[in-house]
Amino acid sequence: MASKEGKALRMLAEHFTTNGNYLQAIKCHTALCLGGKEVPLVEARSQLALAKLLLQHTHNAAEARSHLERALLLLGRSQQNLGLRCEVSSELARCQGCMGDVRQQKQTLAKALDICQSASGATEGPEQHAWELHFLFELATCAAKSGDMAAALEHMERTSTSASAAGPDVQVLVALYKAQLLASSGKRAEALQVLDSSVEQVTGLEEGTPRVAHLRLHFGLLRTLCQLATGETGSLQQTTDEGMPVILELEALMAEVASNEAWSYEWLPASAVCAAACLACACVLRPGGKLKEAIKYLERGQRLIEHELHAQGIDLQAGESAVAATAKDDVQALLTVLFLLVESAALIQMTQSELAGAQKLILLLLQLLNGFPSLLRRLVPSMHMLAGHYAHVNGVFTRAAAHFAAAATGNAYNGECGGGILAALNQALAVLCEGAPGALVRATEILKRHSLYDSVSSGLPATERAAGLLVSGQVLLAQGDDHGGRLRLSKALKLAHNRLSNHSLVSQALNSLAPAQLATSDAVGAESMLKSSFTLAKNLHDLSSQVQSLAELHRLHIATAAAEAAEDSQAYLMRKQQDLAHTQQAAAAAANDHAAILGWGLE
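Sequential numbering of the sequence shown, starting at 0, is according to numbering that gives the first Met the number 0.
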């Protein structure tokens with residue numbers, strides 16, 4: 000192709016691209032690439048431009064990949080034009096990732112990194128360091144997606160030299176990504192240490208740019224999530240005259256970020272980040288019984304996600320097959336946050352004994368999982384946990400135990416130890432509630448299988464440890480070990496109250512501990528525990544815990560020959576039992592929906 004014709008086509012392609020006429024721009028670049036008369040460097044640039052247009056506007060990853068492979072051949076292994084070669088390699092790796100060719104993606108990234116690191120002389124400098132960091136980040140991301148967290152962390156450790164040369168904002172970004180990898184591999188305490196060591200760097204960032212606002216929100220959100228995961232809910236709930244500092248901080252950070260703007264580095268869509276921050280606020284509020292405020296944050300987060308899905312043209316009814324390969328990462332992030340928001344709302348509904356409302360929310364999640372099975376496959380254990388809680392609060396303990404068992408197995412497969420422990424504890428509790436012959440033996444076996452019977456490790460996160468002490472304490476009491484059971488329940492109560500500030504867990508611990516206290520002839524102490532438990536449960540609108548408190552209180556009044564008090568507590572108990580039965584009947588009235596949740600994934 001003559002040089003003048005080539006120049007004219009390039010100018011025309013640029014004009015069409017600037018004006019949003021992407022198909023015409025694609026035709027111009029295609030003509031340039033097929034002409035065969037351009038010098039290799041010029042053709043390589045056209046191949047790259049064409050591939051980027053195809054990826055962004057037609058989602059044709061396969062055709063884009065062939066153009067990028069051609070561009071790399073044209074460029075050879077020369078270290079000249081390092082930036083162009085790196086950009087081509089980066090886009091090619093992206094195509095390979097979209098097409099599921101992870102092995103080739105890793106090879107492309109590794110080769111590009113090798114060329115970057117071997118650059119010297121005139122090619123060495125800020126651009127070379129920036130690309131080196133980019134490829135290390137991408138290699139870490141590939142390893143993390145493959146489940147190899149050790150390799151991912153190793154790649155991040157190699158970023159230190161380039162990060163130091165790149166400036167404080169990049170150093171903060173490296174720290175954030177390291178913390179994310181540690182948290183994802185279950186090392187939440189180590190992740191917090193990384194974040195805490197970066198506080199001065201974060202506060203020292205110059206204000207006024209979107210990138211700094213993004214980094215600060217990223218930092219604040221990740222730190223809050225890690226604190227929640229390690230069970231620091233009590234300290235997070237501390238309140239001043241203005242409100243909870245952690246929530247005020249997240250609100251201020253969200254105010255600096257426009258939810259419809261592009262994130263300034265590769266992470267999540269801005270709307271997903273803000274929605275996740277809303278979820279974090281709700282998770283801070285929930286344990287202390289501030290459920291109305293929590294629901295408001297969950298609804299706000301859900302609106303953000305739904306708006307972004309609409310903006311991206313994602314039709315939830317069309318399902319996974321309608322999602323372009325190049326959009327899957329963003330859509331997966333949005334749907335995951337949406338799932339977690341609705342899941343949290345359903346748990347609140349169940350806590351408040353709004354079982355029909357919880358049923359509707361759970362059905363929404365089932366539709367989401369069925370519509371996007373591969374994108375949301377890691378959430379299957381969470382769905383089993385939710386179905387287990389629904390079955391338990393409806394008194395269908397056999398199905399509850401089955402769902403919790405499935406959740407424990409799924410979490411173990413995903414490598415999520417904490418989730419597996421909570422699932423196993425809930426399974427043991429459901430088995431105890433069944434009351435079938437051999438139930439106590441089965442519950443004991445479940446605890447032993449997860450190393451939660453002889454002792455409960457102090458190395459567990461606070462929530463898992465408190466739950467472990469609570470359930471194993473109940474099992475020990477049922478076996479007749481009053482001293483051992485009482486000791487564990489006392490520890491569970493202390494942890495739930497002092498560190499977690501979890502009102503629901505405190506109520507359950509008091510209900511379990513009161514009969515053991517009565518067995519020591521401390522009727523006054525036992526009655527005080529049950530009344531405190533009932534007050535907490537009533538504030539939460541938790542009918543199940545209210546019924547349990549009143550049942551134990553009625554037994555206490557009979558045991559202490561308090562006839563009048565026994566009569567009053569029995570009447571109150573019967574009213575609350577009727578209220579609970581009505582909520583369960585309302586959920587069961589939608590027979591098909593009720594059965595769909597109870598049987599999901601078990602048949």
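Just so it is clear, CB atoms sit at the ideal spot from N, CA and C, and this is done for glycine as well.
Check, Outcome
"Would N259 and A178 qualify as a contact pair, given that the criterion is a beta-carbon distance under 9 angstroms?", "no"
"Taking only three categories from DSSP, how would you classify E602?", "coil"
"Report buried or exposed for V470, applying the criterion of at least 16 other Cβ atoms within 10 angstroms of its Cβ.", "buried"
"Cβ of A355 within 9 angstroms of Cβ of G387?", "no"
"For T238, is the classification buried or exposed, using 16 other Cβ atoms within 10 angstroms of its Cβ as the cut-off for buried?", "exposed"
"For L451, I'd like the list of residues in its chain whose CB is within less than 6 angstroms of its CB, leaving aside the five on either flank, ordered along the chain.", "G467, S471"
"On a Cα-Cα basis, can you pick out the residue from G230, K289, R554, A293 that is closest to L499?", "G230"
"One question on the structure: do L333 and L308 come within less than 9 angstroms of each other, judged by their Cβ atoms?", "yes"
"Buried or exposed, going by whether 16 or more other CB atoms sit within 10 Å of the CB of R574?", "exposed"
"Output needed for Q95: all residues of its chain with C-beta closer than 8 angstroms, excluding positions within five of it in sequence on either side, in chain order.", "R64, V101, Q103, Q104, T107"
"Where does Y452 sit, in a helix, a strand or coil, going by DSSP?", "coil"
"Counting Cβ pairs closer than 8 angstroms, one from the segment 391-400 and one from the segment 573-593, do we hit at least three?", "yes"
"Check F338 in the structure and name its three-state DSSP category.", "helix"
"Keeping to the same chain, check which residues put their C-beta closer than 7 angstroms to that of G288; ignore five residues upstream and five downstream.", "H502, N538, L539"
"Assuming K438 contacts L431 under a Cβ cut-off of 8 angstroms, what Cβ separation, rounded to an integer in Å, is found between them?", "It is worth fixing the name first, because residue 438 is Ala in this sequence and not Lys. Right, the Cβ-Cβ distance comes to about 6 angstroms (below 8 angstroms), so this counts as a contact."
"Sorted by chain position, which residues of the same chain lie with C-beta nearer than 6 angstroms to S270's C-beta, five sequence neighbours on each side aside?", "S258, L303, E307"
"Do you know how far the Cα of L74 is from the Cα of E126?", "18 angstroms"
"Using C-beta distances below 6 angstroms, list every residue in its chain close to A139, excluding the 5 sequence neighbours before and after it, in chain order.", "A151, H154, M155"
"Have a look at L220 and L249 and give me their C-alpha separation to the nearest angstrom.", "7 angstroms"
"Alpha carbons only, please: which of K26, Q507, K144, S163 is nearest the one belonging to R377?", "K144"
"For the segment 335-395, which segments carrying the alpha helix (DSSP H) assignment without a break, of at least 4 residues, lie completely within its bounds, in sequence order?", "354-370, 379-392"
"Mark D240 as exposed unless 16 or more other C-beta atoms lie within 10 angstroms of its C-beta, in which case mark it buried.", "exposed"
"Do Q226 and L284 have their C-beta atoms within less than 9 angstroms of each other?", "no"
"Give every residue of the same chain whose Cβ lies closer than 8 angstroms to the Cβ of L488, excluding the five residues on either side of it in the sequence, and list them in chain order.", "L468, L469, G472, Q473, L476, A508, S511, L512, A515"
"How is W130 classed by DSSP in three states: helix, strand or coil?", "helix"
"Tell me the rounded alpha-carbon separation between S548 and G458.", "31 angstroms"
"Tell whether a beta-carbon distance below 9 angstroms holds between L552 and E526.", "yes"
"Tell me which residue opens and which closes the alpha helix (DSSP H) that K289 is part of.", "From DSSP, K289 is part of no alpha helix (DSSP H); its letter is neither H nor E."
"Assign D314 to one of two classes, buried (16 or more other C-beta atoms within 10 Å of its C-beta) or exposed (fewer than that).", "exposed"
"Secondary structure at E497, three-state DSSP: helix, strand or coil?", "Residue identity differs from the one stated: residue 497 is Asn in this sequence, not Glu. Reduced to three states, the DSSP call for N497 is helix."
"List the endpoints of the continuous alpha helix (DSSP H) containing K51.", "39-56"
"Let me know if A121 comes out buried or exposed under the rule of 16 or more other beta-carbons within 10 Å of its beta-carbon.", "Unreliable positioning characterises A121 in this predicted model, as indicated by a pLDDT of 48, which lies under 50. The coordinate reading is nonetheless provided below. Under this definition A121 is an exposed residue."
"Could you check if T519 is buried or exposed, using at least 16 other CB atoms within 10 Å of its CB as the buried criterion?", "exposed"
"Report yes if the C-beta distance between A48 and A92 is below 9 angstroms; otherwise report no.", "no"
"Can you name the start and end residues of the alpha helix (DSSP H) that T107 belongs to?", "101-116"
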